[in-house]
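These protein sequence lines are chains A and B, in that order. Reminder that position 17 of the first sequence reads as 17 in the UniProt record's numbering, one-by-one numbering, no gaps. Reminder that position 33 of the second sequence reads as 33 in the UniProt record's numbering, one-by-one numbering, no gaps. Cβ atoms here follow ideal geometry from the backbone N, Cα and C, with glycine treated the same way. Notes follow once the structure below has been shown.
Number of protein chains: 2
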Amino acid sequence: MKARVHIMLKNGVLDPQGEAVRHALGTLGFDGVEGVRQGKVIELDLADGTSEETVKQMCEKLLANTVIESYAIEMA
Amino acid sequence: MKARVHIMLKNGVLDPQGEAVRHALGTLGFDGVEGVRQGKVIELDLADGTSEETVKQMCEKLLANTVIESYAIEMA
Numbered sequence: 001m002k003a004r005v006h007i008m009l010k011n012g013v014l015d016p017q018g019e020a021v022r023h024a025l026g027t028l029g030f031d032g033v034e035g036v037r038q039g040k041v042i043e044l045d046l047a048d049g050t051s052e053e054t055v056k057q058m059c060e061k062l063l064a065n066t067v068i069e070s071y072a073i074e075m076a
Numbered sequence: 001m002k003a004r005v006h007i008m009l010k011n012g013v014l015d016p017q018g019e020a021v022r023h024a025l026g027t028l029g030f031d032g033v034e035g036v037r038q039g040k041v042i043e044l045d046l047a048d049g050t051s052e053e054t055v056k057q058m059c060e061k062l063l064a065n066t067v068i069e070s071y072a073i074e075m076a
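As C-alpha cells, this is what we get:
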C-alpha cells in the first residue's frame with residue numbers, strides 16, 4: 001500500500017524558497033503570481049495493513065519538523 | 001485561484017533523499033517501509049483566469065527539471 005505525506009511550512013513562517021520561485025517566475029514574464037509556497041511530498045511504499053496512525057508517528061518523529069511545518073497524510 | 005504542482009523524480013532516477021528517509025525510518029523501528037520517494041510540492045497563488053497551460057509553461061521553464069523530474073498539476 002502507498003501513503004503520501006505533504007509537508008508545508010506553517011502559515012506565517014517565512015518561505016524563502018517559495019519567495020525565490022515567485023521572483024523568478026516574475027522575471028520570466030509570468031504575471032499575476034501572487035504567492036508561492038514550497039513544500040515537500042513524501043511517497044511511502046508500505047507493507048499492507050500499515051495504519052494511518054503509524055504514518056502519523058513517522059511524521060511526528062522524523063518526516064516533519066512540527067515546530068514550523070504542518071503535514072497532511074493521504075492513504076491510498 | 002490556486003494551483004498545486006507535484007514534482008517527483010522520474011522512475012529509475014536514483015533518489016538519495018528518499019533512500020535516506022527509508023533508512024532512517026528503519027533505524028527508528030518502523031518496519032515494512034519498502035520504498036520512499038521524496039519530491040516537491042509547489043502551491044501557487046495565481047490571478048483569477050490563469051490557465052492550466054500557463055502553469056504547464058511555468059513547470060517546463062522553471063519549476064521542474066524535465067530531464068529527470070515529472071510533474072503533475074492540480075488546479076483548484
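Member of the options whose CA lies at the smallest distance from the CA of residue i
i: cysteine 59 (chain B); options: B:Ala47, B:Leu46, B:Ala24, B:Ile42; result: B:Ile42
i: valine 67 (chain A); options: A:Met8, A:Lys40, A:Met1; result: A:Met8
i: aspartate 31 (chain B); options: A:Glu74, A:Ser51, A:Ser70, A:Val13; result: A:Ser51
i: alanine 64 (chain A); options: B:Thr54, B:Leu25, B:Val5; result: B:Leu25
i: glycine 39 (chain A); options: B:Met75, B:Gln57, B:Ala76, B:Val5; result: B:Val5
i: histidine 23 (chain A); options: B:Leu62, B:Glu74, B:Met75; result: B:Leu62
Neighbourhood of residue i by C-beta, 7 Å cutoff - its chain only, sequence neighbours within 5 removed
i: arginine 37 (chain B); result: Met8, Leu9, Asp15, Gly18
i: glutamate 69 (chain A); result: Ile7, Met8, Leu9, Lys10
Chain-order list of residues whose beta-carbon lies under 6 Å from that of residue i (same chain, five-residue window excluded)
i: leucine 44 (chain B); result: Ala3
i: aspartate 48 (chain B); result: Met1
i: glycine 29 (chain B); result: none
i: glutamate 74 (chain B); result: Arg4
i: valine 55 (chain B); result: Ala3, Ile73
i: valine 13 (chain A); result: Ile68
Where residue i sits in the DSSP three-state scheme
i: glycine 35 (chain A); result: strand
i: leucine 25 (chain A); result: helix
i: valine 5 (chain A); result: strand
i: alanine 20 (chain A); result: helix
i: lysine 61 (chain B); result: helix
i: valine 55 (chain B); result: helix
i: lysine 40 (chain B); result: strand
i: residue 113 (chain A); result: Summary: the structure shown does not reach residue 113 (chain A), with chain A confined to residues 1 through 76, and so no result is reported for it.
i: aspartate 45 (chain B); result: strand
Neighbour-count burial assignment, residue i, 16 or more Cβ in a 10 Å radius
i: alanine 72 (chain B); result: exposed
i: valine 33 (chain A); result: buried
i: glycine 35 (chain A); result: exposed
Beta-carbon proximity list for residue i, same chain, < 8 Å, skipping 5 on both sides
i: valine 21 (chain B); result: Val36, Gln38
i: alanine 76 (chain B); result: Met1, Lys2, Ala3, Arg4
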